[in-house]
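Reading through the structure tokens given below for one structure.
In the numbering used here, the protein residues as written are 2 to 305.
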């Protein structure tokens, strides 16, 4: 679905107070949608609390979400409120929920059904008023059939489902997202950039975005650093990105194309430091240079 189509339904979804599942690949903009739901809901004046479930093992995830009492474990020198308590009267965004264990999912289901949490080390339940928006980069219905995700929790969460395809599959969203990020960075950085040039927009529309919406946001943020005038032009884009315009990547077999995209993304991530990129990829600098040359990722005047 187009982003405009999703946005048109967001006010109704937000007002419903129902739980929401957002599915889409990493970087596709799931948290953007979750924040929009919160801002359009009756809970907009309450907190929006994001939790990356994939970043924590079960033991830490439980204490992070449910909190703990003083003395619950070694090092628990004071009571600590969990994310559920911090999100009281607001929205709790559970990202990468598919990465949690079946045991944790059972605990989460109990909390959702009872609207109460019991901090670790405590016997006193605490009432919480929280709206749940969950997200994952896998198809939860498939994981449920494979018994990798609890069926009862899936049906408890799956009141409203939003699917966000990869950005390359919804090119029509690129101008809308570009304008959104420009407005966002204008506010954050106290700038007044009006937009991108027609050449930049054409380039972005033709670009495959292996990093999805997150990569587009990073590109615009970089351009804000480089651009001193009112319009972002090609010279303001990351050099490795602009170099793609003159490469043969689109004519490569799929496996080589994906390898080229991975190298290009790593070059951006490591600020064009070839030693760091080679180490991250587990290859020698000579091999990296050879692959960069093959895929047209070496800029003119920078052959060494």
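All C-beta atoms, glycine included, are put in the ideal place defined by N, C-alpha and C. The structure displayed is predicted, hence computed values, not measured ones.
Between residue 55 and residue 95, the C-beta spacing is not below 8 angstroms. A contact between stretches requires three or more CB pairs, one per stretch, nearer than 8 angstroms, and the region 46-66 meets this requirement with the region 87-94. With at least 16 other beta carbons inside 10 angstroms of its own, residue 106 counts as buried. Straight-line spacing of the CA atoms in residue 270 and residue 277 works out to 10 angstroms. Taking a C-beta distance under 8 angstroms as the contact criterion, residue 171 and residue 3 qualify as a contact pair. Assignment of residue 264 by DSSP, reduced to helix, strand and coil, places it in the helix class. Checking the DSSP bridge columns, you'll see residue 135 partnered with 22 and 95.
Around the Cβ of residue 45, a 10 Å sphere holds fewer than 16 other Cβ atoms; the residue is exposed. Residue 165 holds the alpha-carbon nearest to the alpha-carbon of residue 213 among 264, 97 and 165. Approximately 7 angstroms separates the beta-carbon atoms of residue 34 and residue 7; this is inside 8 angstroms, confirming the contact.
Residue 68 and residue 99 have their C-alpha atoms some 21 angstroms from each other. In this structure, DSSP gives residue 194 a state outside helix and strand, which the three-state scheme calls coil. Unbroken beta strand (DSSP E) stretches of 3 residues or longer found wholly inside the region 171-223: none. When DSSP states are grouped into helix, strand and coil, residue 36 belongs to the helix group. Looking only at 84, 57 and 74, the smallest Cα-Cα distance to residue 102 is reached by 57. Partner residues in the beta bridge of residue 69, as assigned by DSSP, are 81 and 121. The closest CA to that of residue 104, considering only 154, 29, 127 and 132, is found on 154. In this chain, the beta strand (DSSP E) harbouring residue 161 covers 161-164. When rounded, the separation of the alpha-carbon atoms in residue 287 and residue 25 is 36 angstroms.
Counted as a single uninterrupted DSSP element, the beta strand (DSSP E) harbouring residue 50 occupies residues 49-53. Annotation: residue 66 to residue 261 spans about 40 angstroms, alpha carbon to alpha carbon. Straight through space, the alpha carbons of residue 235 and residue 59 are spaced by roughly 46 angstroms. If the five residues before and after residue 279 are omitted, its C-beta is found closer than 7 angstroms to the C-beta atoms of 285, 286 and 289, all from its own chain and listed in chain order. In the three-state scheme derived from DSSP, where H, G and I count as helix and E and B as strand, residue 299 is classed as coil. Residue 148 has its alpha-carbon roughly 27 angstroms from the corresponding atom of residue 30. Three or more Cβ pairs closer than 8 angstroms define a contact, and the region 213-233 meets that threshold against the region 185-205.
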